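All remarks here apply to the structure that follows.
In UniProt numbering, the protein residues as written are 1 to 122.
Here it is as structure tokens:
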């Protein structure tokens, strides 16, 4: 499947910014200064999208889609999960992963900062 829409989907969410890390050849996604996703490649240059998820959801997705959703590449293996972009994970599931990753980023913020983002003041 093609998940070319995923980066744009994340950028439509309130308060999301990106930067590019040339040494990693990766685009990182932030909300309120907290990284919640990253798009890049593995050591074989296979395209991946890595997202921060609750451990129980990440574990479930790894078992549901073995080889397509794997422990986060070069990230904390408990909270981060990598999705191979040429895999066959349903679009609805990928959207849920992206939404949950964004929520994880928001939850890491102070109540004040989260409120500013949710109310469009950032």
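All residues carry an ideal CB built from backbone N, CA and C; glycine is no exception.
Since we're looking at a predicted model, the values are computed, not measured.
Residue i burial status per 10 Å Cβ neighbour count (16 or more: buried)
i, result
"residue 39", "buried"
"residue 49", "buried"
"residue 80", "buried"
"residue 82", "buried"
Residue i in three-state terms, based on DSSP
i, result
"residue 12", "coil"
"residue 106", "helix"
"residue 61", "helix"
"residue 6", "helix"
"residue 70", "strand"
According to DSSP, residues forming a beta bridge with residue i
i, result
"residue 30", "17, 35"
"residue 81", "51, 71"
Give a yes or no on contact between the region 95 to 104 and the region 49 to 59, applying the rule of three or more CB pairs nearer than 8 Å.
yes
Please confirm if the region 13 to 22 is in contact with the region 90 to 97, defined as three or more CB-CB distances below 8 Å between the two stretches.
no
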